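Residue numbers (the numbering used here): 11 to 414. We put the beta carbon where it would ideally sit given N, CA and C, even for glycine. Remember, predicted model here, so these are calculated numbers, not experimental data.
Structure, rendered in structure tokens:
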């Protein structure tokens, strides 16, 4: 039998053989603009969620020592016991109550923690409710698992974001498996109130559905008492660690480790074997030498966290002060995280506008369209950068906006 080689390698044939949910998932709007501008000469990149500080030597030295000691073999699927205990101790220090190492599981990034959550609690035909605008990596893994993300837009009025709990709860149906809550918010910089957190907890308890919390930016907080170490309101303040409550987090932001791809999941101890199985069948665990670096980061990195939070506080003030001088720019001053989410009157296509910005002034932002309903005419700016870099960026951006 003769085989038509051209037909065998035809791209349409290959794509037609893929599952629709994989083939049809759109490219991340953040990565799209990142790829468009990453090689531009003189670009100031503020499109992705990371600072400009490389991982400090005291952290990567721990990984080097582990490699030199020969820790290059398979390891615990749930994570090194020492790291899980370090996580429990870290949370006990922050939240001033006991935590059990058996509630913590190491994952290959915060992203994998979210994937693990979706795989564990939802499947084909189920729904998860997500306030929006939201991080792009919530709805995508849901859709890839056959789960419908139900995005409930926050309200932006009088320069302030707010969550309408009635709209949020009305979005819950018999198919709903969880409410996914991110506070402080990426991309908004908005912080959920303690009253809203308590209301969501009580609603989920009454309905028997999961709370999925992303508190990755809890250390980046600028609200009352933050100068003295106060944290934002948290689901950890009001939830039992062994109820239907799942919390995802990562080492990426606090300790300048975005490229290491290590995160964690806090979950009921009853789920331990299930999570171990999911880690095994997805990645077979996280490298031990990277986990050693994470232990060192948590145990010895408080000064680093404080440095990064202070840099972000200064960065927030720089960009907010500058953009208040531009016509038609609207935003809420961020209460947390390290993003400014702002709109410009008359801009309808933020994806095209961010590409134009790259072409004309070499400033790279993420388009609001990447973050779902409610973000269409907004842009996200990551200000976790040096003051000099931000001042240069604002020196390009504000005059350009004024001249439009």
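Exercise. Express the C-alpha separation of residue 271 and residue 90 in angstroms, rounding to a whole number.
Key: For the purposes of this step, residue 90 is identified with residue 80 of the chain shown, where counting begins at 1. For the purposes of this step, residue 271 is identified with residue 261 of the chain shown, where counting begins at 1. When the Cα atoms are used, residue 90 and residue 271 turn out to be separated by approximately 16 Å.
Quiz item: In three-state DSSP terms, what is residue 256?
Solution: As a position in the chain shown, residue 256 is number 246, starting the count at 1. Residue 256 falls in the strand class under three-state DSSP.
Self-check item: Collapsed DSSP secondary structure at residue 389 in the structure displayed
Solution: For this step, residue 389 is matched to residue 379 along the chain shown. Residue state, collapsed to three classes: strand.
Quiz item: Does the count of Cβ pairs from the region 143-162 and the region 22-38 closer than 8 Å reach three?
Solution: The region 143-162 vs the region 22-38: in contact.
Practice problem: Whole angstroms is fine: what's the gap from residue 211's alpha carbon to residue 370's? | Solution: Position 201 of the chain shown, counting from 1, holds the residue named residue 211. Position 360 of the chain shown, counting from 1, holds the residue named residue 370. Straight-line Cα distance between these residues: approximately 47 Å.
Quiz prompt | residue 139 versus residue 15: straight-line alpha-carbon distance, rounded | solution = Within the chain shown, the letter at position 129 stands for residue 139. Within the chain shown, the letter at position 5 stands for residue 15. Between the C-alpha atoms of residue 139 and residue 15 there is a straight-line separation of about 47 Å.
Exercise. Look up residue 276 in the DSSP assignment and give the residues it is bridged to.
Key: Counted from its first residue, the chain shown places residue 276 at position 266. Bridge pairing for residue 276: 114 and 257 [DSSP].
Self-check item: Other residues of its chain near residue 101: CB distance less than 6 Å, five sequence neighbours each side excluded
Solution: As a working note, residue 101 is residue 91 in the chain shown. Cβ neighbours of residue 101 beyond the five flanking positions: 109.
Exercise. Only counting runs of 3 or more residues, tell me where the beta strand (DSSP E) segments fall wholly within the region 150-234, in order along the chain.
Key: Runs of the beta strand (DSSP E) inside the region 150-234: 158-163, 165-167, 170-172, 186-192 and 220-224.
Practice problem: Identify which residue in 384, 331 and 381 has its Cα closest to the Cα of residue 401. | Solution: Numbered from its first residue, the chain shown carries residue 401 at position 391. Residue 331 is the option with its Cα nearest to residue 401.
Quiz prompt | CA-to-CA distance, residue 375 to residue 355, given in whole angstroms | solution = Here the question's residue 355 lines up with position 345 in the chain shown. Here the question's residue 375 lines up with position 365 in the chain shown. Cα-Cα distance, rounded: 17 Å.
Quiz prompt | Boundaries of the alpha helix (DSSP H) in which residue 357 is found, first to last residue | solution = Position 347 of the chain shown, counting from 1, holds the residue named residue 357. Premise fails: residue 357 is in no alpha helix (DSSP H) and is neither H nor E.
Quiz item: Exposed or buried, which one is residue 364 when buried takes at least 16 other CB atoms within 10 Å?
Solution: Within the chain shown, residue 364 is the residue found at index 354, counting from 1. Classification of residue 364: buried, given that the 10 Å Cβ count is 16 or more.
Quiz item: In terms of alpha-carbon separation, which member of 247, 406 and 251 lies closest to residue 203?
Solution: Position 193 of the chain shown, counting from 1, holds the residue named residue 203. When only C-alpha atoms are compared, the closest one is 247.
Exercise. Please name the residue, chosen from 169, 195, 157 and 172, that lies closest to residue 185 on a Cα-to-Cα basis.
Key: Counting from one through the chain shown, the residue named residue 185 turns up at place 175. The shortest C-alpha separation from residue 185 is found at 157.
Quiz item: What separation, rounded to the nearest whole angstrom, lies between the Cα atoms of residue 152 and residue 45?
Solution: Start at 1 with the first residue of the chain shown, and residue 152 comes out as number 142. Start at 1 with the first residue of the chain shown, and residue 45 comes out as number 35. Cα to Cα, residue 152 sits roughly 24 Å from residue 45.
Practice problem: Within 10 angstroms of the Cβ of residue 19, are there 16 or more other Cβ atoms? Answer buried if so, exposed if not. | Solution: The count along the chain shown starts at 1 and reaches residue 19 at position 9. By the neighbour-count rule (16 or more Cβ atoms within 10 Å), residue 19 is not buried but exposed.
Quiz item: Taking just the CA atoms, how far does residue 230 sit from residue 346?
Solution: Stepping through the chain shown from its first residue, residue 346 is reached at position 336. Stepping through the chain shown from its first residue, residue 230 is reached at position 220. Between residue 346 and residue 230, the C-alpha separation is close to 5 Å.
Self-check item: Nonlocal neighbours in the same chain, by C-beta distance under 7 Å from residue 62, ignoring five residues either side
Solution: Within the chain shown, numbered from 1, the residue matching residue 62 stands at position 52. Cβ neighbours of residue 62 beyond the five flanking positions: 395, 396 and 399.
Self-check item: N- and C-terminal bounds of the beta strand (DSSP E) containing residue 340
Solution: Within the chain shown, the letter at position 330 stands for residue 340. Counting along the chain, the beta strand (DSSP E) containing residue 340 begins and ends at 339-341.
Quiz item: Just how far apart, CA to CA, sit residue 77 and residue 299?
Solution: Here the question's residue 77 lines up with position 67 in the chain shown. Here the question's residue 299 lines up with position 289 in the chain shown. Cα-Cα distance, rounded: 6 Å.
Quiz item: Which residues bound the alpha helix (DSSP H) around residue 331?
Solution: For the purposes of this step, residue 331 is taken as the residue at position 321 of the chain shown. The continuous alpha helix (DSSP H) containing residue 331 extends over residues 312-333.
Quiz item: When you compare only the Cα positions, how much space is there between residue 12 and residue 28?
Solution: In the chain shown, residue 12 corresponds to position 2, counting from 1. In the chain shown, residue 28 corresponds to position 18, counting from 1. Distance between the alpha carbons of residue 12 and residue 28: 25 Å.
Quiz item: residue 399 lies in the alpha helix (DSSP H); which residues open and close that run?
Solution: Along the chain shown, read from residue 1 onward, the residue named residue 399 stands at position 389. Per DSSP, residue 399 belongs to the alpha helix (DSSP H) from 397-413.
Quiz item: What residue from 65, 116, 165 and 155 has the CA that sits closest to residue 383's CA?
Solution: Working through the chain shown from its first residue, we reach residue 383 at position 373. Comparing Cα positions, the closest option is 165.
Quiz item: What distance in whole Å lies between the Cβ atoms of residue 120 and residue 260, which are believed to be in contact at a cut-off of 8 Å?
Solution: Taking the first residue of the chain shown as 1, we reach residue 260 at position 250. Taking the first residue of the chain shown as 1, we reach residue 120 at position 110. At roughly 3 Å, the Cβ-Cβ gap stays under 8 Å, so residue 260 and residue 120 are in contact.
Self-check item: Runs of alpha helix (DSSP H) wholly within the region 12-66 (minimum 4 residues, chain order)
Solution: For the region 12-66, whole alpha helix (DSSP H) runs of length 4 or above, ordered along the chain, are 15-18, 21-26, 30-33 and 39-47.
Quiz item: In three-state DSSP terms, what is residue 137?
Solution: Taking the chain shown and counting its residues from 1, the one referred to as residue 137 is at position 127. Strand, per DSSP.
Quiz item: Cα-Cα, which of 104, 213, 336 and 264 is closest to residue 322?
Solution: The count along the chain shown starts at 1 and reaches residue 322 at position 312. The shortest Cα separation from residue 322 among 104, 213, 336 and 264 belongs to 264.
Exercise. Can you tell me which of 17, 414 and 127 puts its alpha carbon nearest to the alpha carbon of residue 274?
Key: In the chain shown, residue 274 corresponds to position 264, counting from 1. Considering only 17, 414 and 127, the residue with the shortest C-alpha distance to residue 274 is 127.
Quiz item: Is it buried or exposed for residue 295, if we count other Cβ within 10 angstroms and need 16 for buried?
Solution: By 1-based counting over the chain shown, the position of residue 295 is 285. It is buried - the Cβ of residue 295 has at least 16 other Cβ atoms within 10 Å.
Exercise. Provide the residue span of the alpha helix (DSSP H) that contains residue 81, from first to last.
Key: By 1-based counting over the chain shown, the position of residue 81 is 71. Taken as a continuous stretch (DSSP letters only), residue 81 belongs to no alpha helix (DSSP H), as it is neither H nor E.
Quiz prompt | Among 278, 198 and 378, the one whose alpha carbon lies nearest that of residue 350 | solution = The count along the chain shown starts at 1 and reaches residue 350 at position 340. Nearest in C-alpha terms to residue 350, of all of 278, 198 and 378, is 198.
Quiz item: Which residue from 340, 302 and 42 puts its Cα closest to that of residue 75?
Solution: Along the chain shown, read from residue 1 onward, the residue named residue 75 stands at position 65. Closest by C-alpha distance to residue 75, out of 340, 302 and 42, is 302.
Quiz item: Which residue comes first and which comes last in the alpha helix (DSSP H) that contains residue 130?
Solution: For the purposes of this step, residue 130 is taken as the residue at position 120 of the chain shown. From DSSP, the alpha helix (DSSP H) with residue 130 extends over 120-131.
Quiz item: If we ignore side chains and look at the alpha-carbon of each, how far apart do residue 85 and residue 70 end up?
Solution: For the purposes of this step, residue 85 is taken as the residue at position 75 of the chain shown. For the purposes of this step, residue 70 is taken as the residue at position 60 of the chain shown. Each residue's Cα considered, the two are about 19 Å apart.
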